[in-house]
Structure formats: structure tokens, C-alpha cells
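Q:
Residue numbers (my numbering), protein chains in the order written: chain Y, 1 to 87; chain U, 1001 to 1582.
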């Protein structure tokens, strides 16, 4: 995790802006599912969803799916393979 | 003007391109032909138009136009024209012809009114598109193209089996809604392969990045979207498609986290986006079908734009993975900006096309109270922005400047095509009525209301915050991710042991048998004296006259021997024929 100044500023501005937009510009909040009308729900949904997707996918990938050697040719996968220019 | 199937224009164009000696003529045809189709669809064709013909006592309908087919026709023609412009620099007549043929046969599919015409164009689509993969020129292109064709032939055969079953059990040739019969499930299986429904999807992510940069732009547009069209026509309201669609939407997102190849990452997001459309078809209401169709329309254009942008980076640098790229944004500014328009569109930002199309599908799920699907489709949106809008551009273009990467010029045609595609993405987002008016059913949905806009901005904004926090973990990793194609790629040795080796043993046995018989027969023909001597010594002639006389018979002129041989053979054949006849 990289916590730096831009991140903190973005979170503060994001939370304030979200709350202002939600409180002053949205007159009717749609019910989609349990909790979806709570204040700042969608901000939290985006943030937690993003982190959840990354953490779960990386775990599944590192545990089962990602191979450093090509499973079909047996060759080691290079970080920077030869350049290939085509049309 | 009499109606005719628009596919004809494209097929004639493909033949002309393959034959034309002049490069400029080929390029012009590749752009003008799809525009002619577009003109025909706008001015020369109306919903209700039909062309029928009788072939072997079968009533075929190569043209059936209604609102559903026409809207797909529009977007396919637009995609083919944009692809033609993007590929303006390409000097490969067969790729150009294959691309036109591929786009044309896709248009053939959406205007096919009967199932046999549909199957014909379906198979041609697989063939022409496989050529685009083969022509990719990468070390893995040929094998990937062959696997691609293999999977599509299996799909095509499943479809054909379903159609024949349907006809055999009293079904009509007319292509309409299927019921839950064996035939229906077989046809669905054939369509599911092209729609890249998980777990039948791996051909897509295996093959698309192995095509050339222009080839993958065409590939991203047609196959999966023709599948959405046929599902919408044949399987609207099949509930299983809601589950499969939502699984697709999330599956693509998970695999995109792991992917290092930039075009393969985008390919995983095709699966994710087609998931929305499949779910829409599964919901099956008028709003949901409108959603699936409008999302397919928007998707063809923004996905084309994303592949164009990624393709431009691959073309200019000769590199295709996140680990090999980065730090070149200052040398490709325009491409980055245009790519980002596509990224905002796929992420469904307000004022971009995905916002007005994707929300129709989600709204349809909401109207039917399928709240779990609503929540999971929103989650997939988060993943979409995370990868296509943040991870891919960040690690492809941004980061510390890398002078070791040589960035070549991007051809003007590529830029023009991207500008036009970007304009369409914004145009549809700003003025959605233009798209909504083309949909199969009357639209009453309005995407721009405060709650929807604010909710989307909050969600995507905080996705970006999450990305910034985790960007250290999100860079590409030099790995290969195993997907379901592992099953058939690893099945090679097993197939050899179970199928190829026994078959080869049988063939070898008969080959040897035939070889031995041929050698004997030729010995009789070439040196009849020696050959026939053995036979004569065993014959009645030798018993009557003694073996010496029999051998003396061979001393006669060879013509006599030959005649005797012919006669003898003749008698044997006649006797054998008589015996068989009785």
C-alpha cells in the first residue's frame, strides 16, 4: 500500500464532495438493495470493491493460476520479451 | 429499390480487395464498402423487408430486416469502416479481404431469417476471423489461430446439430425463440461458445492478442456481438443466462487483474462486458433487451477504440506487456487521450456511451427486483474502471520516463479512426436518444438523473482512490495465467494416446497390407513369367501334363503369357462377380 499526500488529499476532497453532492443535489435516492441509500454508500462501495477485487484476484492468481514458466512450452516467461513490430 | 442482403456488398468488396493490384484501391474499398452497407441500411432497407429463395425444396430467407437486426447492422458497418480506416497503413491484401469477409458474414448472420443461412454465415465468420489470427505474425499466432478455429468448428457443429435436431423434431427453419428442448440446448451451446460464456470463453483471450494490431480491432467487434444478437433473438428470457452473464462480468474482472499482455487484458474485459449483455438477454424484458442491444452497440465502438489505442502502443513500441511498457506518455499524448475516452466509455462515466447503455441493463435487473445481480454488476463496473481506465493506461504509458523504449510513429489512419470512434463514444453519451431511437422496443428510460450520476461518480472516484492506494501491487507480472483452455491445450498428449495412436496403427496396418498386395500384383504384371510359373505349377495343367510341360509353357512368347494372365484374371473376376451376385 502506498499512502502519500495526494492520496490523503483525494480522500478528503472525495468524501466532502460526495457528501455535499449527495445531500444537496440528490432529492430522491433509489433503493437498489439493502444499504444502497446510506450516506456515502457508493463511495465506500467503489473503494472496498476495488480493494476486494485486487486482493481476492491476486490471491487466487498467485495460489492457483499464475505461472512463471509457460505451462504449454515450458519456457520461462520474460518480463521484457523481444520487440516485435507488425502491421 | 429492390432489397438485397447487405452481405453481398461486403463479399463483392472482399473479392475485389483480394484481386485488386492497386494498394490505394484496396484501402478505399475497405472503407467505402461498409459505408455503402450503412447507406443501404439507412435509406434502402426498412423493418419488414425480406428476401426469400428456394434451395433443394427449402425455403431460405437470406434477408429479414427488423429493428433488432438493423441496429446490429448499423454498428457492424460502422465498426468495419472504422477498422478499414485504422488499417489504412496495412499492405496485406489477404488480411484486408479477410477483415471485410469477416465483417460481411457477421452482417450476414444478423440479417439471416432462417437457421441454415445463419449456420452458413456463422461458419464463414469463424474461417475469415481465424485468418486474422493466423496473420498476426507473432510466434504464437499460427497455433492460436488453429486453436481458435478448432473451438469455433466445435461450436459451429454443435449449432448445426441443434438446428438439424430442431428440424428433425418438427421445428421450422425460421429463426425465432427456442424452447427448452434438446435442440434448443444444442443451439444455445453453439451460441454460447461465440458469446464467450464462461467456461467456454478461453478461445477469445487466447486468440485476440495473437492477431495483428489491426486484426484484433476487427476481432473485438463482431464475433461476440453477433452471439449477443442471436441470443437476444433466440433465447430472450432464459433465466440461466442471467447467472452466466453475471459470472462473465466478474470473471473477466478477476482475470484482468492477473494479466500482463495489454490486449489480453482488454480481451478479458470483452468477456466482462458481454456478460452484461448476456444477463440482459436472460432477464428478457423489453427494457432488458433494449439494454443488451444498446450496450452491444456502445461496446463495439468503445472496445474498438480501446483496442485501437492499445494496438497503437504495441505498433509504435513493438512491445505488448505491461512489464515491458511504461514511461512513454509524453511521446504518445494524443493516443493516450483518445484511449482514455474509450476507457471512460467502458467504465460508464456520465457523458460517455457506456453510461447510457450499461445502466439500461442494470435498470432492467432492478425493475425485476434481481438485486443480487444489480450489486454484482455494479461491482464489475468497479473492476472495469480499475483495469481499463486506471491500471492499463497507467502501466502502459505513465510512470518514470523510459528512454530504452523506442516509440515509432503512429500512422495517421490509426489516429483518424480513433478520433472518429471517440467522437461516437461522446456523441452517444451526450445525446443517448440517437441510440435509444434505434432500439427494438420503445424506450422510456432516462439515464441522466441526479442520484444515478452522483452514485456513479462516487463509485468510480473512490475506485481511483483504491487504485492509487494499491498501485504498487497492480503492476504487470511476467507470468502466464492458466485459463480453461488449459483443458484442451494440455489434452494434446492424451488425445494422441487415446485417438491418434490407435487410428495411426489401423492406418499403418492397412497401408502395409495394400503395399504388400500391390507389390505382388506388380510382380505379376512386370515379370509375369516368374509370377505365373508358381501358379502354373500348382494348376490342373501341371497335374495333367506334368510339371515339366507346365514350365515349358512359360517358354512360349511373352504375349501369350500376358494374354493368359489377362484371361485368367478376367475369368476370376467374372466368377467372383457371379458368386457375389448370387
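We put the CB at the ideal spot given by N, CA and C, even for glycine.
Extract the residue ranges of the alpha helix (DSSP H) inside the segment 1299-1372 of chain U, only unbroken runs of 4 or more that lie entirely within it.
A: Correct list: 1333-1346, 1353-1367.
Q: Distance cutoff 8 Å, beta carbons only. Does residue 84 of chain Y sit that close to anything in chain U?
A: As a first step, residue 84 of chain Y must be located in the first chain, where it is residue number 84. True, the Cβ-Cβ gap to chain U drops below 8 Å.
Q: Ignore the nearest five residues each way along the sequence and tell me which others in residue 1160 of chain U's own chain have a CB closer than 6 Å to its CB.
A: Residue mapping note: residue 1160 of chain U aligns to position 160 of the second chain, counting from 1. Closer than 6 Å at the Cβ level, and outside the excluded window around residue 1160 of chain U, lie 1119.
Q: Please look up how many angstroms separate the CB atoms of residue 1106 of chain U and residue 1076 of chain U, rounded, as I've assumed it's under 8 Å.
A: As a working note, residue 1106 of chain U is residue 106 in the second chain. As a working note, residue 1076 of chain U is residue 76 in the second chain. Yes, they are in contact, since the Cβ atoms of residue 1106 of chain U and residue 1076 of chain U sit about 5 Å apart, within 8 Å.
Q: In chain Y, which residues lie with their C-beta within 7 Å of the C-beta of residue 1366 of chain U?
A: Along the second chain, one-based indexing puts residue 1366 of chain U at 366. Here the neighbours are 32.
Q: Check whether the Cβ atoms of residue 1607 of chain U and residue 1071 of chain U lie closer than 8 Å to each other.
A: Given a span of 1001 to 1582 for chain U in the structure shown, any question on residue 1607 of chain U remains unanswerable.
Q: In whole angstroms, what is the alpha-carbon distance linking residue 87 of chain Y and residue 1392 of chain U?
A: The residue you call residue 87 of chain Y lines up with position 87 of the first chain. The residue you call residue 1392 of chain U lines up with position 392 of the second chain. Only weak support exists for where residue 87 of chain Y lies, its pLDDT of 49 falling under 50; the coordinates are left without a value.
Q: Determine the burial state of residue 1357 of chain U: buried for a count of at least 16 other Cβ atoms within 10 Å of its Cβ, exposed for fewer.
A: For this step, residue 1357 of chain U is matched to residue 357 along the second chain. Counting Cβ neighbours within 10 Å, residue 1357 of chain U comes out buried, since at least 16 surround it.
Q: Alpha carbon to alpha carbon, how far is residue 1187 of chain U from residue 1363 of chain U?
A: In the second chain, counting from the first residue as 1, residue 1187 of chain U sits at position 187. In the second chain, counting from the first residue as 1, residue 1363 of chain U sits at position 363. Taking the straight line joining both Cα atoms gives about 29 Å.
Q: Restricting to runs no shorter than 4 residues, where is the alpha helix (DSSP H) found entirely within the segment 1439-1486 of chain U?
A: For the segment 1439-1486 of chain U, whole alpha helix (DSSP H) runs of length 4 or above, ordered along the chain, are 1450-1474.
Q: Please classify residue 1111 of chain U: is it buried, with 16 or more other beta-carbons within 10 angstroms of its beta-carbon, or exposed?
A: On the second chain, residue 1111 of chain U is found 111 positions in, with the first residue counted as 1. Flag for residue 1111 of chain U reads buried.
Q: Name the chain U residues whose beta carbon is nearer than 9 Å to that of residue 5 of chain Y?
A: Locating residue 5 of chain Y in the first chain gives position 5, counting from the first residue. Here the premise fails: no neighbours, minimum Cβ distance about 11 Å.
Q: DSSP three-state call for residue 1387 of chain U: helix, strand or coil?
A: Here residue 1387 of chain U refers to the residue found at position 387 when the second chain is read from its first residue. If DSSP states are grouped into helix, strand and coil, residue 1387 of chain U belongs with the helices.
Q: Could you list which residues in chain Y have their beta carbon closer than 7 Å to that of residue 1383 of chain U, in chain order?
A: The count along the second chain starts at 1 and reaches residue 1383 of chain U at position 383. The answer, in chain order, is 53.
Q: Tell whether a beta-carbon distance below 8 Å holds between residue 43 of chain Y and residue 1462 of chain U.
A: Counted from its first residue, the first chain places residue 43 of chain Y at position 43. Counted from its first residue, the second chain places residue 1462 of chain U at position 462. Their beta carbons are under 8 Å apart, which means residue 43 of chain Y touches residue 1462 of chain U by this criterion.
Q: Is residue 33 of chain Y closer than 8 Å to residue 1371 of chain U when the C-beta atoms are compared?
A: Within the second chain, the letter at position 371 stands for residue 1371 of chain U. Within the first chain, the letter at position 33 stands for residue 33 of chain Y. Going by C-beta atoms, residue 1371 of chain U is nearer than 8 Å to residue 33 of chain Y.
Q: Check this for me: beta carbons of residue 1253 of chain U and residue 1384 of chain U, under 8 Å apart or not?
A: In the second chain, counting from the first residue as 1, residue 1253 of chain U sits at position 253. In the second chain, counting from the first residue as 1, residue 1384 of chain U sits at position 384. Cβ atoms of residue 1253 of chain U and residue 1384 of chain U: closer than 8 Å.
Q: How far does the beta strand (DSSP E) with residue 1055 of chain U in it extend, from its first residue to its last?
A: For the purposes of this step, residue 1055 of chain U is taken as residue 55 along the second chain, with counting starting at 1. Counting along the chain, the beta strand (DSSP E) containing residue 1055 of chain U begins and ends at 1050-1055.
Q: What are the complete alpha helix (DSSP H) segments, minimum 4 residues, inside the segment 1187-1247 of chain U?
A: Runs of the alpha helix (DSSP H) inside the segment 1187-1247 of chain U: 1202-1207, 1213-1234.
Q: Mind checking residue 1023 of chain U: buried by the 16 CB within 10 Å criterion, or exposed?
A: Residue 1023 of chain U sits at position 23 when you count from the first residue of the second chain. With fewer than 16 Cβ atoms within 10 Å of its Cβ, residue 1023 of chain U is classed as exposed.
Q: Is it the case that the Cβ atoms of residue 1396 of chain U and residue 1475 of chain U are separated by a distance below 8 Å?
A: As a working mapping, residue 1396 of chain U is identified with position 396 in the second chain. As a working mapping, residue 1475 of chain U is identified with position 475 in the second chain. Their beta carbons are not under 8 Å apart, which means residue 1396 of chain U does not touch residue 1475 of chain U by this criterion.
Q: Indicate whether the contact test is met: 3 or more Cβ pairs, each with one atom in the segment 1413-1422 of chain U and one in the segment 1083-1100 of chain U, closer than 8 Å.
A: As far as the Cβ criterion goes, the segment 1413-1422 of chain U touches the segment 1083-1100 of chain U, which means the pair count is three or higher.
Q: May I have the straight-line CA-CA distance separating residue 73 of chain Y from residue 1480 of chain U, to the nearest angstrom?
A: Taking the first residue of the first chain as 1, we reach residue 73 of chain Y at position 73. Taking the first residue of the second chain as 1, we reach residue 1480 of chain U at position 480. Their Cα atoms are separated by approximately 11 Å.
Q: Should residue 1483 of chain U go down as buried or exposed, given a rule of 16 or more other Cβ atoms within 10 Å for buried?
A: Residue mapping note: residue 1483 of chain U aligns to position 483 of the second chain, counting from 1. Result: buried.
Q: Within 10 Å of its beta-carbon, does residue 1587 of chain U have 16 or more other beta-carbons around it, so buried, or fewer, so exposed?
A: Given that chain U is displayed from residue 1001 to residue 1582, the structure contains no residue 1587 of chain U and the question cannot be resolved.
Q: Could you have a look at residue 1060 of chain U and say whether DSSP puts it in helix, strand or coil?
A: In the second chain, the residue the question calls residue 1060 of chain U occupies position 60. Residue 1060 of chain U: strand per DSSP, three-state reduction.
Q: Who does residue 138 of chain Y pair with in a DSSP beta bridge?
A: Because chain Y spans 1 through 87 in this model, residue 138 of chain Y falls outside it and cannot be assessed.
Q: Inspect the beta-carbon positions of residue 1279 of chain U and residue 1246 of chain U and report whether they are closer than 8 Å.
A: For this step, residue 1279 of chain U is matched to residue 279 along the second chain. For this step, residue 1246 of chain U is matched to residue 246 along the second chain. Their beta carbons are under 8 Å apart, which means residue 1279 of chain U touches residue 1246 of chain U by this criterion.
Q: Under 8 Å between beta-carbons, which chain Y residues line up against residue 1477 of chain U? List them in chain order, please.
A: Counting from 1 along the second chain, the entry for residue 1477 of chain U is found at position 477. Those within 8 Å of residue 1477 of chain U in chain Y are 66.
Q: Thinking C-alpha only, which one of U:1209, U:1053, U:1010 is nearest residue 1124 of chain U?
A: Sequence index remark: in the second chain, residue 1124 of chain U carries index 124 (1-based). The shortest C-alpha separation from residue 1124 of chain U is found at U:1010.
Q: Name the residues in the segment 1485-1508 of chain U whose C-beta lies less than 8 Å from a C-beta of chain Y; which are they?
A: Per Cβ criterion, the list reads 1486, 1489, 1490.
Q: Excluding the five sequence neighbours on either side, which residues of its own chain have a C-beta within less than 6 Å of the C-beta of residue 29 of chain Y, listed in chain order?
A: Here residue 29 of chain Y is taken as the residue at index 29 of the first chain, counted from 1. Taken in chain order, the residues that qualify are 37.
Q: Taking 8 Å as the threshold (C-beta atoms), are residue 1404 of chain U and residue 1203 of chain U in contact?
A: By 1-based counting over the second chain, the position of residue 1203 of chain U is 203. By 1-based counting over the second chain, the position of residue 1404 of chain U is 404. Against a cut-off of 8 Å, the Cβ pair of residue 1404 of chain U and residue 1203 of chain U comes out as no contact.
Q: Give me the DSSP bridge partner(s) of residue 1261 of chain U.
A: Taking the second chain and counting its residues from 1, the one referred to as residue 1261 of chain U is at position 261. Its beta-bridge partners are U:1321.
Q: Would you verify that the beta carbon of residue 1208 of chain U is, or is not, closer than 8 Å to some beta carbon of chain Y?
A: Locating residue 1208 of chain U in the second chain gives position 208, counting from the first residue. For residue 1208 of chain U, the answer is no, since every Cβ of chain Y falls outside 8 Å of its Cβ.
Q: Alpha carbon to alpha carbon, what distance is there between residue 71 of chain Y and residue 1001 of chain U?
A: For the purposes of this step, residue 1001 of chain U is identified with residue 1 of the second chain, where counting begins at 1. For the purposes of this step, residue 71 of chain Y is identified with residue 71 of the first chain, where counting begins at 1. The predicted position of residue 1001 of chain U is uncertain, since its pLDDT is 48 and thus under 50; a value taken from the coordinates is nonetheless stated next. The straight-line gap from Cα to Cα measures roughly 58 Å.
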